[in-house]
Amino acid sequence: MATSIAANAWVDPRAEIDEEVVIGPFCTIGAGARIGRGTRLHNNVTLMGNVTLGADNVLFPNVVIGAEPQDYSYQGSDTAVVIGDGNTFREGVTVNRASEKEDGVTSIGDNNFLMGNCHVAHDCKLGSHILIANGSLLAGHVHIHDFASVSGGVTIHQFVTIGSYSFISALSRALHDVPPFMLVEGIPARPRCINIVALKRNDFTAERVEFIAAAHRLLYRSKVGLSHAREILRTNNQISPDVETLLAFIEGQQVGKHGRGREVRRAA
């Protein structure tokens, strides 16, 4: 299929458009845009600044990607948004370019699903296979690891890290890092149980799940502390790669400030 650009779309001649791209009515594509093969833009999509879209992405009406960061310190440099393949951005999603405080890139991986009116702020780093439901808001410098899920109406504080296979319940306020494999909820969001649904859906064995559950019980029910929990798990032969990942994440969280391991990266 050849590339299709609606007659009433505006595409800067300097934009790079691959084959089989579809650009619908009233879209605005800036000079710095690069759009990969098979990506489809429905009507009224705006790409601003230095934006790279991979292959087979779908952008629904009123998506805006690449607007300047909403950061007082931004000085106008040519920062970027880089997006991988197979992502879906539903109506009204906004993704801002990076500030000048880290590596200058807001990045999103592959096969993510961002539902209506989500906001991804400057310098965020999203992995792959992530679900973010309607109206959830990511502040600047948020990192979300692979296979995490964020329910609707969630707000995530800047510099928070969301671990793999975790789940944030609807209307929660994530002020602190969310450990991998955990389900969190509340204001502020706290770990309540393991995210058993995600683990089963992703073919975690019963043994893997039980080891994670044992770590959760020690850390969040018995509250024995990180070092003691590690000793007990080792004694019970329940130290697995998943448990090591969980313990390392929590250790990094505790080294940081305010329950956020990456808070030490904050710039003025």
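Mapping of the sequence shown onto the numbering used here: residues 68 to 335, in sequence order. Don't be surprised by glycine CBs; every beta carbon is placed ideally from N, CA and C.
- Per DSSP, Ile150 lies in no alpha helix (DSSP H); the unbroken beta strand (DSSP E) holding it starts and ends at 147 to 150.
- When DSSP assignments are scanned along the segment 119 to 163, the uninterrupted stretches of beta strand (DSSP E) that are 3 or more residues long and fall wholly within it turn out to be 131 to 134, 147 to 150, 161 to 163.
- Counting the other Cβ atoms within 10 Å of the Cβ of Glu252 gives 16 or more, which makes it buried.
- With respect to Phe214, His243 sits apart: the two C-beta atoms are not nearer than 8 Å.
- Closest option to Thr113, judged by alpha-carbon separation, among Ile306, Asp123, Gly99: Gly99.
- Selection Leu181, Ala73, Arg107, Ile279 evaluated against Glu311 yields Ile279 as nearest (Cα-Cα).
- Assignment of Gly319 by DSSP, reduced to helix, strand and coil, places it in the helix class.
- Burial is judged here by how many other beta carbons sit within 10 angstroms of a residue's own beta carbon; Met249 has at least 16 and is buried.
- If you compare the alpha carbons of Asn129, Phe271, Asn303, His189 with that of Val149, the shortest gap goes to His189.
- With 16 or more other CB atoms across the displayed protein chains lying within 10 angstroms of its CB, Gln320 is buried.
- Taken atom to atom, the span from the alpha-carbon of Asn303 to that of Ser289 is near 16 Å.
- Between Phe127 and Glu158, the C-beta gap is smaller than 8 Å, which places the two residues in contact.
- DSSP places Val276 within a helical segment (H, G or I) once states are collapsed to three.
- In the DSSP annotation of this structure, the continuous segment of the alpha helix (DSSP H) that includes Arg268 starts and ends at 263 to 268.
- By alpha-carbon distance to Ile132, the top candidate from Gly97, Ala273, Gly151, Val162 is Val162.
- One alpha carbon belongs to Ser231, the other to Asn269, and they sit about 12 Å apart.
- Going by C-alpha positions, Pro80 is about 38 Å away from His224.
- The beta carbons of Ser239 and Val227 sit no closer together than 8 Å.
- Leu242 sits in coil when the DSSP states are folded into three classes, being neither helix nor strand.
- The beta carbon of Leu266 sits closer than 8 Å to those of Tyr232, Phe248, Arg275, Val276, Ile279, all from its chain and outside the five residues before and after it, given in chain order.
- According to DSSP, Asn179 shares a beta bridge with no other residue.
- Note on geometry: alpha-carbon atoms of Thr173 and Ile306 lie some 35 Å from one another.
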